[in-house]
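J.: Structure below; questions to follow.
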Amino acid sequence: MSELDLYAKYLDLGVRLGRSGEDLATWVEDKVRQDMERRQTDRKGKEERGDGVTKAEEMELQKLREEMELQKHREEWSYKNIEKKWRYKGRKK
1 MSELDLYAKY LDLGVRLGRS GEDLATWVED KVRQDMERRQ TDRKGKEERG
51 DGVTKAEEME LQKLREEMEL QKHREEWSYK NIEKKWRYKG RKK
């Protein structure tokens, strides 16, 4: 995302939040500066590690792994519950 895109994004967000005039201008400037600094730090961290993965990407991957693990457990429990129901129905007759 380019700097111009960031300005457009934060300008739109600022207007939606009800900011206007000089307050809006300073708020947008601060947000764009913070975002650019964060991106620069992410780039530096990526270069320092040398593996091509930023901290944000690392955290996102970790969340995805955890979500996949939870989904796997949910499916296992679902199958176990279905098996129990079928066994129970079979004994009931």
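Just so you know, the UniProt record's numbering puts 29 at position 29 of the sequence shown, and the rest follows in order with no gaps. For glycine and all other residues, C-beta sits at the position ideal for the given N, C-alpha and C.
Does V15 pass the burial test, meaning 16 or more other C-beta atoms within 10 Å, or should it be called exposed?
T.: So V15 ends up on the exposed side.
J.: Who are the near neighbours of K9 in its chain, counting only those whose CB is closer than 8 Å to its CB and skipping five residues on each side?
T.: Closer than 8 Å at the Cβ level, and outside the excluded window around K9, lie M1.
J.: Roughly how many whole angstroms lie between the Cα atoms of E83 and R43?
T.: About 50 Å.
J.: Please list, in chain order, all residues of the same chain as M36 whose beta carbon is under 8 Å from its beta carbon, the five residues on each side excluded.
T.: Excluding positions up to five away in sequence, the list reads E3 and L6.
J.: Taking DSSP as the reference, what is the three-state secondary structure of G14?
T.: Note: G14 maps to helix in three-state DSSP.
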